[in-house]
Every structure is written in structure tokens, then in C-alpha cells.
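Colleague: My structure is below; once you've seen it, I'll send some questions.
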Amino acid sequence: MSLRELLRTGPFFLDGGMGSLLQARGLKPGEAPEYWNLTHPEEITAIHREYYDAGSQMVMTNTFGVHPQRYSPEECEKMIRAAFACAEKARQKAKSGEEKFIGMDIGPCGKLLRPLGTLDFEDAVSGFALVIRIGAACGADCIVIETMNDSSETRAALLAAKEACGLPVLVSNAYGGDGKVMTGGSPASLTAMLEGLGADAVGVNCSLGPDALTPIVEAYLDAASVPVLMKPNAGLPQEKDGKTFYTVTAEDFARQVAALVPKGLRIMGGCCGTTPEYIRALRRAAEGLIPPPLKDPQRTVIASRGQALELGRDPVIIGERINPTGKKRLRQALTDGDMAYVLNEAIAQEERGAQVLDVNVGTPGVDEPALLERAVQELQAVTDLPLQLDTADAAAMERALRVYNGKAMINSVNGKQEVMDAIFPLVKKYGGVLVALTLDENGIPSTAEGRFAIAERILKEAEKYGIAPKEILFDPLTMTVSADTDAARVTLDALKLIRERTGCGTVLGVSNVSFGLPSREVLGSVFLTMALNSGLSAAIMNPLSDAMLGAMVCYRTLTGRDGNCGEYIRYAGSLPVREASAPSAGKVSAGPAEETKGLRRAVIKGLCREAGRLAKEALDGGRDGLALVREEIIPALDEVGRGFEAKTIYLPQLMMSAEAAEAAFTEIKARAAGRGGGQPKKSRVVLATVKGDVHDIGKNIVKLLLENYGFEVTDLGRDVPPETVLEAVERLRAPVCGLSALMTTTVPAMAETVALLHERAPWCKVMVGGAVLTEDYAREIGADGYGRDAMAAVRLAERFAQEKGSEG
Amino acid sequence: MADLLRVEELGEIPFDEKEILRYALLPASAPAPEELPLRECLEAARGAAHCRAVWRRFPLKRHGEELDLGFARTASLSLCRHLEGCDEILLFACTAGAETDRRIARAKLTSPARGLLMHAIGAQQVEGACDLLCRRLAERFPDRQLTERYSPGYGDLPLVLQREVISALNCERTIGVTLLDSLLMQPSKSVTAIIGMKERQGI
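For the record, the sequence lines run as chains A and B.
Read in order, the letters of the first sequence are residues 367 to 1174 in the working numbering.
Read in order, the letters of the second sequence are residues 14 to 216 in the working numbering.
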């Protein structure tokens, strides 16, 4: 039987711990175990052999810590070759005649990947690929990726293994007591992701004893269609008389692990604290136990870093707003690379109940592959919703799929041969749930039968790649009812036909139905209800629309999916109160003066919504926007600023006032946009947290206040290299630049940036700030000014801008 | 080596609004302003922190001007004073976890003031977790007297010591904390410190 078959049959026995055995043989604390492959090969061989003799069918090479992040490629190669020589020698010497295997052990590389750490995803992939290629050349029977506590790094290692060799790959994660891996990620989300990428087995090792790991393994068994593996610790380490021992005995360990075999556990061994004795006991305990046959749970699952979402059970909301079609402001943000706008769209949709976010960044003049990759990474840093990658550019799709941490929805493929040839290989390689549009070279069929025929063809083609029907959702295409009165009916008929005959899930972009008609949401929401009633699995829609969201919520409530009507009640509470019934009738007489007094108070008190509303009312009442700024908002800000300087008002209050002022400005700007003009802009300021530093809260406060005071701020973010700051200052010919640093270790980067600016952009005044800086320190590194706090920074910027102005 | 490391699960620390406002740079003397979105922020932060610590006991030796901490040597005078009379140390690292950072990043996007409060909540979590850990350690070594915790960066104890600290505690594997090249820890709401241990003095 091949190794793959043995793994799929089970039970299959791995080895136990290595580290503690090496220590017993003299490995010193702090000494790297992998060095012993070179210095003490006979000890390593002996340990492997003991495991084979105890009943391990596969041992893992002593290569856990070998990675180019720690060693040079030459050192890696030497240690790996020596490790395989040890395992091979043990295999030849071992007693039993049972077939024996050697797995190449791959552990974490020791650095965290972006966005949590600084290691680039592709650098991690190429590092793993380097060591895996060496192992494959040394005769590895399979690759065992283990003790991974970050899902992104797990992906990098698995992708590297898949690209570097054709060997089976076993993937095992380390869990905390909360049932999650350290950077987030559950058995269900990891299983979806790893199966999508083609892992031959998934599971868990290290971290905990067998009893504590049992519920985690059961969750794997519930989710997985590939074999599940388990390598627990021998309980927790304890110290007695200066010696370390583990709490779980070999017999208890064996009994607890073997108890999972009848539930489906196939591959088992031990981790820290386990010895050949544990493996011997485990084999005895599992004697005669046979796991039930492997079966696919037949679920359509997508996943983010930490969440798995099943499609086809309850209807799902896919937020459509990150798509520049017909959205001028988003198009501008994408062209400018203003990711904050995109991220805010994501959060707003999530807060309104979106469960998946569609991400489309295609707009003329941008490098779509690079921008989609960046958007995916930045979105995943702030939201844990699964994403639907939406692009017609196959290169952009692949870039995004490579970095997407999870199992994505892929939007889309269709019946055109050329498109299927480009997209199916990507789905096969990276995994994902595919949205398939029922159109082809001849366009969109006008009948339900015609659309179903295309769906069938797509399924046939998918089968050639080994892509299961459960990984495909069909989109029978919403057409505009104003162009064809039959359009909605045909779409719904096609939806039902496809569901009934293929069993696949369905998805629709519902908004299109009302194109060209007034009160679009009314029509759209009823169409959505009809589609849901026809069995729609997911709707691509605008969750910020009360009517559309209402249709979805009501459907869930009316079909018994909303316990205690809680979701409906929350939704109803979010609806705007009708003007006529608002209890403001008595206040109508309040004149404009009252409102503006209220506005000034709202800004001082930091009442955002209030400030926005009062500004709007004042404008409605005929107040001039500019006067409102000059006479109400700025005096309010000044009062707060003075209070801050006098220490009667504190930072959080200052920030709330700034946000309230911003809310008022937004109203004024919205009004002014129609008439061209608004608050006159003062000069341009470029802001950045310097290279190496990731603290940006101080910088963000400065930004907010500067904007309040009318400066046009370009925020370069954090960890910004000197050259990038210079590039922006030159491009914008900014007269003022503000730099922030919090750490003593990043002040040199600040000094370097100041020097570069003074040399190449001598017109620009540089102000600096941050916790480690003082007036003297700032002067020492050559800054033109030091901002003790945010207000001081505003005063400095005003002075610099004025000087600039008077210079002409 | 890893056997000598102890991982402590500390969970989510109860929110302490006074402490949180103090970390948000609002002094205790100032009345808590009602317009601060503290409630919403506490709601948004709930469930995010999963505090964990790892610690290890080391013998402490003195070589002339230098302290041998068992995992590194240092000539720091302020630490030397702090550890006066001690013959052992407990080295620990503690983190509120990655989810806390993500919630902060999210809050910052929508509102800087909320970002500040979320930062403060994260700080209260990790500081509270350190306090809890120290209480547990004091209970664990009832016959020893423990000093206050002392972190790299305090006094003249250099921040570069972080490299040895993080590696001695195998932080990446034990509690998921790594060090960036700038010596910042990731997740950001993390603390490392040294506690001295000495013979308990008679009452």
C-alpha cells in the first residue's frame, strides 16, 4: 500500500518527542537540537531506531528548527542531509519487517508574517521551499508541517511543499487552551483552508495533553474530509527535585488517544514529553481498532483567518460596496491608494451584518494585481470576515489568492472556455468556493433552460480538474427588469432549476434588477425576497440600504432563523426615526443662533452626531458654511485647545472634540461641493511614523487636529522609509512635514529622514514628536521644530506655513 | 530546555475603568467625561484579550560589575540595585494576544478617540495580566520574597536585552510573541520583565 493509502486507511503510528530525549542524552539548554545531526549523529539515529522498534511506522527527521531565517542555505543543507542519514540508518537497523517511512519535519520559521510581524509572505514561502527541496532530494517519504501557531505561516509552508515536491503533506497546528491557534484560527477554518490547498492530512500537535486536545480533534473530525492526525504532549511539565516530568503516564496517554480511533482518528503519535514507551503503549491500546471509513461532510465552506462560514444552509449577505463601478469616491480612493477609505467601507458593512465582503478594485489607471493583493492583506488585518475576490484579471486573482489567509470566494468563472482554462487551475491550486456565471461565448441565454445548460457544462469542466460540485455556487444572473419585463422571472426560474438539478448553491447580485427605475430599493428588496424564497444561498447586496437589509432580516425572521426575533428587533432599532413623529416639534422655533450655540457646545463636548446634525440644520437654515467654521467651530476648537494646554481638558476629550468638528466639517463640505468651494485650505502637511516604528496613535491625533485647522494632510502611515517621505514631500512640494517616533530604537531612522529631507527638499520644514523625544533631542537630530503634543504641532504647522507664505 | 518554561493562561482580565482612563492619559483627578465612548469601546473590546504568560526561573550570579541573569549578562546599575540581595530571578513575558491589536487597528480607522481608548483597554489587559501573574508567582514561592517586576527599558537596563529575553522564553512558540527589528514586541500589548527572588526576611 502506498503511504497515501496507509494514511487514508489508518490507524497509522508516528513517533514521539525528540527534545526531552536529547536532553537526557546531554543536549544543553539553549543548544540547537538540529546541530546534533552533525555533532552527535549516533544519538539521533538511536532515538529514531527506538521509535521504529516501539512501533512507529514513520519517524520525523530532526529538522524542526532548520530554516533559512535561522541558518545560511549551506548550513540548512548540511543539517538536513545529516538528519536524513540518521533516519535512514535507523530504518535499516530497525527490527520489525513492517514498512517504514521517513517524514521531513518542518517547524515554524521563528518570525511572524505580515501584518502581525515583518516577514513577507513570499519570503516565508521561498524559505520553506528551499529546505523542502533538500529534504525531497534526500528521499523524504512525506512532509510533516507541525506545531504551527499562525495560519498564514501554515499556508506559506504548505504552499511551499506543494510547489517544491509532489510528496504527501501532513499539516498540524498548535492550539492554545482557548481552542484556537495563537493568531486566531479554529479547526473548522484551518481545515477549510488546508484542504483547499491540498493537504493530505490535517490535525493538531503539542500544546496540551490528550484529554485537553480531544475536543479540538473532534472538531477536526467533524469538518475534515481528509485523514486527521494528533500528536499530544504527555500532559503538562512539572518540576520535582530539579527534574522535569510530565503528568500523563504512557498508559493514560495511550488510552486517551486510542479512544479517538473509533471516532475517526487515523494518524497518531506524541509530542513533548512522550517517549518510545508512549508509542509502544499507544500501539497496544489501538490494537484491533479500526476508524470508520473516510467521508466528505459535503459542506460548502469558506473561511477567513479565524472564521469558517458554511454556505447553502442559511442565506448569507455578501457586502457589495467595495466595488468602484458607479462609485466616484471609491474610484478616487483606489487611484490615490487611500486604503483607509476601503477599510472603512468594510467595517461599515460588517457592522450592518455583512457576512462576506466582495472586493473589487478594478479601475482604470491602477495596477490591479498589486492593488488587489494589498487590499486583501489590509482588509484581513482589520476584519475577520471571509472575502470574495472579485476580478476579471486572472493575474490579479492569483496574486490575491496567494496571500489570502483562509479559503476565499472566487468571483468569478463562466462558461467561456478561455475563462475556465484560466480560473479552474487557480481553484485547484489554492482552494476556494467558485462563483460561476451562467453565460458563455454566446452571451447570456434568455431562457432558464439555456442558463442551466451552461451550469452543467461548467460542472463537467470542473470535474476534469477534480473540483467538486460543492465548491461551486451558480449565479444565474440578475437582468434589468426595465429592459425586459420577463428578466426577473427567467432569473428566478434558472435559479430553481439549477438548485434542483445540480444540488449546487446559488448567488445573485440583486441590485441590478432595478437599474434605470426610480426608488430602486423598493423593487430590489422585493426581488431579493423572491430570490430567497426560491432558495438563494447568498446575495451580493448593499447592507447599508435599510430596505435591502430589511428584506434579508425579515426573510430570516419569517423562516424561523431568528430566535426571539432578536435580529429583527436590532434591525428595527437601527432605522431612522421619521421626522414627523420626532419629538422636536416644540423646538422648531429655535432660531439659527440657538443652533450655532448648540454647535459650538457640541464640538466642545465632543458630541459627534449632535455636531453633524446641528451643522446641517444651520446650513439648512441658510447659514453660510464658511461663517459657521470661522464663527463657531474654530472658536470651539480653540477653547478646547486652550483647555488642553492648561490641563483642564485631557487627550481623549480633545480627540472627541476634533471628531465632532470633523463631523460638522463633513456636512459643510458636502454642501460646498455642490457650489465649488468650502473651507479654504491652508498648506499641505505630510505626516509619517518613521521606519521601524508601528506606533501611530500620536500621529493620528496630529492628523485629525491639523485637518480640523484646515491643513491638507497626506498621511503616509507607519513604518515609512525615509525615501518614501521624501518622495511625497517632493511630489506635493509640501512646506511642512511631521514625523513621529515612539521608540529610542527608531529615533535614528527619524534623524536619517530629517537629514534626507533637509538635503533634498530644503524648502520643507520638519517637525517631530513622539514619546521619546524632547526639545533638545529634536534639535540634536536637526528637526526644525518639536511638537510636545498635538496642539503644539498645530501651532508649529501654522507658524511654518505662515513663514512660508511671507517668504512668498 | 522548553521543559523549564511554564505557560500560564490568564484569560481576559476584568475591565477596570479607572485604570483604562488613566492609560488614556486622563488623570484620576479628572472627572470621567460622559461623552467619551468608553461603553462602546468596552463592548468592542470584550472577548478580544486572551492573556497568556510564559516564565522561567534562573539562578542570579554577580561577576564584579556584571549581573549574570542566567540567560544573559548585563552591567545595568539600576537593575543591580533592584535585585539587591537576590540569588534568583523569575523572567517572564506576558501578552494580551493578537486579537487585541486587531480590534485597536479597527477602532483607529473609524475614530482616533476610540483608537486611543482601545489602546488603553489593551494596556489595562496586559498590565492586569502581569499583576495576576505576579500574584500567582508569589503564591507559588511562599517561602521566597519577590521584588516588583522590572522591564528592559526601565532605568539603564537596555532595550536590546529583549532579544535574549524573547529567545530564552521561546516566546514565539510558547505565547506567540515575536520581536521586530526595532525591538518592538508583536502583539504590541505585551510586556517582559524580571522579578528578583530572595530569602524571606524575618518579620
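Beta carbons: idealized from backbone N, C-alpha and C, even for Gly.
Predicted model only: the values in this text are computed from it and were never measured.
Which residues bound the alpha helix (DSSP H) around Gln-175/B?
Modeller: Position 162 of the second sequence, counted from the start, is the residue given in the question as residue 175/B. It spans 174-181 - the alpha helix (DSSP H) in which Gln-175/B sits, taken as one unbroken run.
Colleague: Just to make sure I have the definition right: I need the residues of chain A whose C-beta is within less than 7 Å of the C-beta of Gly-60/B. Which are they?
Modeller: Here residue 60/B is taken as the residue at index 47 of the second sequence, counted from 1. In chain order: nothing, as chain A lies at least about 10 Å away.
Colleague: Just reading off the alpha helix (DSSP H) that Ile-1067/A is part of, what are its end residues?
Modeller: Reading the first sequence from its first residue, position 701 is the one you call residue 1067/A. Where Ile-1067/A is concerned, the enclosing alpha helix (DSSP H) stretches over 1063-1074.
Colleague: Taking Cβ-Cβ distances shorter than 8 Å, what residues in chain A pair up with Lys-121/B?
Modeller: Position 108 of the second sequence, counted from the first residue, corresponds to residue 121/B. Those are Asp-1062, Ile-1063, Asn-1066, listed as they occur along chain A.
Colleague: Roughly how many angstroms separate the alpha carbons of Ser-217/B and Ile-134/B, rounded to a whole number?
Modeller: Past the boundaries of the shown model lies residue 217/B; chain B is included only from 14 to 216, so the question cannot be answered.
Colleague: Hey, would you say Thr-1140/A sits closer than 9 Å to Gly-1058/A, going by beta carbons?
Modeller: Along the first sequence, one-based indexing puts residue 1140/A at 774. Along the first sequence, one-based indexing puts residue 1058/A at 692. No.
Colleague: So, helix, strand or coil for Ser-422/A, using DSSP?
Modeller: For this step, residue 422/A is matched to residue 56 along the first sequence. Three-state result, Ser-422/A: coil.
Colleague: Should the region 678-686 of chain A be regarded as contacting the region 913-928 of chain A, the criterion being three or more beta carbon pairs within less than 8 Å?
Modeller: A contact exists between the region 678-686 of chain A and the region 913-928 of chain A.
Colleague: For Glu-519/A, report the span of its alpha helix (DSSP H) as first-last.
Modeller: In the first sequence, the residue the question calls residue 519/A occupies position 153. 517-530 is the span of the alpha helix (DSSP H), which, as asked, contains Glu-519/A.
Colleague: For Ile-102/B and chain A, any beta-carbon pair shorter than 9 Å?
Modeller: One-based indexing of the second sequence puts residue 102/B at position 89. No - not a single Cβ of chain A is within 9 Å of the one on Ile-102/B.
Colleague: Beta-carbon within less than 6 Å of Leu-17/B's beta-carbon, same chain only, minus the 5 sequence neighbours each way: which residues are those?
Modeller: For this step, residue 17/B is matched to residue 4 along the second sequence. These residues qualify, in order along the chain: Arg-69.
Colleague: From this set, Ala-57/B, Leu-39/B, Leu-49/B, which residue's C-alpha is nearest Arg-119/B's C-alpha?
Modeller: The residue you call residue 119/B lines up with position 106 of the second sequence. Ranking Ala-57/B, Leu-39/B, Leu-49/B by Cα distance to Arg-119/B puts Ala-57/B first.
Colleague: CA-CA distance, Asp-1062/A and Arg-162/B?
Modeller: Residue 1062/A sits at position 696 when you count from the first residue of the first sequence. Residue 162/B sits at position 149 when you count from the first residue of the second sequence. Near 27 Å, if we compare the C-alpha coordinates of Arg-162/B and Asp-1062/A.
Colleague: Do Gly-798/A and Ile-668/A have their beta-carbon atoms positioned less than 9 Å apart in this structure?
Modeller: Looking up residue 668/A in the first sequence gives position 302. Looking up residue 798/A in the first sequence gives position 432. Yes, these two residues count as a Cβ contact at 9 Å.
Colleague: Alpha carbon to alpha carbon, what distance is there between Gly-128/B and Arg-768/A?
Modeller: Locating residue 768/A in the first sequence gives position 402, counting from the first residue. Locating residue 128/B in the second sequence gives position 115, counting from the first residue. Approximately 31 Å between the Cα atoms of the pair.
Colleague: According to a CB-to-CB cut-off of less than 7 Å, which residues of the region 138-171 of chain B neighbour chain A?
Modeller: Those residues of the region 138-171 of chain B that come within reach of chain A (Cβ to Cβ, closer than 7 Å) do not exist; the list is empty.
Colleague: Report yes or no: do three or more beta-carbon pairs, one from the region 103-115 of chain B and one from the region 30-40 of chain B, lie closer than 8 Å?
Modeller: Not touching, per the Cβ criterion.
Colleague: So what does DSSP say about Pro-603/A, is it helix, strand or coil?
Modeller: The count along the first sequence starts at 1 and reaches residue 603/A at position 237. The answer is strand: DSSP assigns Pro-603/A an E or B state.
Colleague: Distance check for Leu-23/B and Leu-574/A, CA to CA, integer angstroms please.
Modeller: Counted from its first residue, the first sequence places residue 574/A at position 208. Counted from its first residue, the second sequence places residue 23/B at position 10. When rounded, the distance between both Cα atoms is 16 Å.
Colleague: Per DSSP, Pro-72/B is paired with what?
Modeller: Within the second sequence, the letter at position 59 stands for residue 72/B. Answer is Glu-101/B.
Colleague: Just verifying my parser: in three-state terms, what is the DSSP assignment at Ile-688/A?
Modeller: One-based indexing of the first sequence puts residue 688/A at position 322. Strand, per DSSP.
Colleague: Consider the Cβ of Leu-973/A: report whether some Cβ of chain B lies at a distance smaller than 9 Å.
Modeller: Counting from one through the first sequence, the residue named residue 973/A turns up at place 607. True, the Cβ-Cβ gap to chain B drops below 9 Å.
Colleague: Does the beta carbon of Ser-195/B sit closer than 9 Å to a beta carbon anywhere in chain A?
Modeller: On the second sequence, position 182 is the one that residue 195/B refers to. Yes - at least one Cβ of chain A is within 9 Å of the one on Ser-195/B.
Colleague: Can you find the residues in the same chain that come closer than 7 Å, C-beta to C-beta, to Ala-530/A, ignoring five residues on each side of it along the sequence?
Modeller: Taking the first sequence and counting its residues from 1, one reaches residue 530/A at position 164. Closer than 7 Å at Cβ, skipping near neighbours: Ala-495, Ile-498, Arg-499, Ala-502.
Colleague: So Pro-690/A and Arg-679/A are supposed to be a Cβ contact under 8 Å. How far apart are they, rounded?
Modeller: Here residue 690/A corresponds to residue number 324 of the first sequence, with the count starting at 1. Here residue 679/A corresponds to residue number 313 of the first sequence, with the count starting at 1. With 8 Å as the limit, Pro-690/A and Arg-679/A do not qualify as a contact, their Cβ atoms being about 32 Å apart.
Colleague: For chain B, find out if any of its Cβ atoms is closer than 9 Å to the Cβ of Arg-750/A; answer yes or no.
Modeller: As a working mapping, residue 750/A is identified with position 384 in the first sequence. As written in the sequence, residue 750/A is Asp, which differs from the Arg given in the question. Output row for Asp-750/A: interface = yes.
Colleague: With which residues is Ser-1106/A paired in a DSSP beta bridge?
Modeller: On the first sequence, position 740 is the one that residue 1106/A refers to. Its beta-bridge partners are Thr-1055/A, Gly-1135/A.
Colleague: Could you check the C-alpha separation between Arg-740/A and Tyr-770/A for me, to the nearest Å?
Modeller: Here residue 740/A corresponds to residue number 374 of the first sequence, with the count starting at 1. Here residue 770/A corresponds to residue number 404 of the first sequence, with the count starting at 1. Spanning the two alpha carbons is a distance of roughly 10 Å.
Colleague: Per the contact definition of three or more C-beta pairs closer than 8 Å, is the region 454-466 of chain A in contact with the region 669-678 of chain A?
Modeller: These segments do not touch.
Colleague: I'd like to know if Glu-53/B contacts chain A, where contact means its C-beta is closer than 9 Å to some C-beta of that chain.
Modeller: The residue given as residue 53/B occupies position 40 in the second sequence. No, no contact with chain A.
Colleague: One question on the structure: do Ala-600/A and Ala-651/A come within less than 9 Å of each other, judged by their Cβ atoms?
Modeller: The residue labelled residue 600/A in the question sits at position 234 within the first sequence. The residue labelled residue 651/A in the question sits at position 285 within the first sequence. No, they are not a contact pair.
Colleague: With distances taken between CB atoms, is the gap from Met-634/A to Lys-661/A smaller than 9 Å?
Modeller: As a working note, residue 634/A is residue 268 in the first sequence. As a working note, residue 661/A is residue 295 in the first sequence. The answer is no: Cβ separation not under 9 Å.
Colleague: Starting from the C-beta of Ala-15/B, find all residues in its chain whose C-beta is less than 7 Å away, skip the five residues before and the five after it, and write them out in chain order.
Modeller: For the purposes of this step, residue 15/B is taken as residue 2 along the second sequence, with counting starting at 1. Because the pLDDT of Ala-15/B is 40, which lies under 50, any placement of that residue in the model is unreliable, and the question is left without a value.
Colleague: Which residue wins for smallest C-alpha separation from Pro-884/A, given the options Val-537/A, Ser-848/A, Phe-1010/A?
Modeller: Reading the first sequence from its first residue, position 518 is the one you call residue 884/A. Measuring from the Cα of Pro-884/A, the nearest candidate turns out to be Ser-848/A.
Colleague: Run the CB neighbour count on Asn-930/A, radius 10 Å, all protein chains shown included, and call it buried at 16 or more, exposed below.
Modeller: Here residue 930/A corresponds to residue number 564 of the first sequence, with the count starting at 1. When all chains shown are included, Asn-930/A counts as exposed.
Colleague: Suppose the cutoff is 7 Å on Cβ atoms and the five residues either side in sequence are ignored; what does the same chain contact list for Ile-864/A look like?
Modeller: Working through the first sequence from its first residue, we reach residue 864/A at position 498. Around Ile-864/A: Phe-818, Ala-821, Phe-840, Pro-842, Cys-870, Thr-872.
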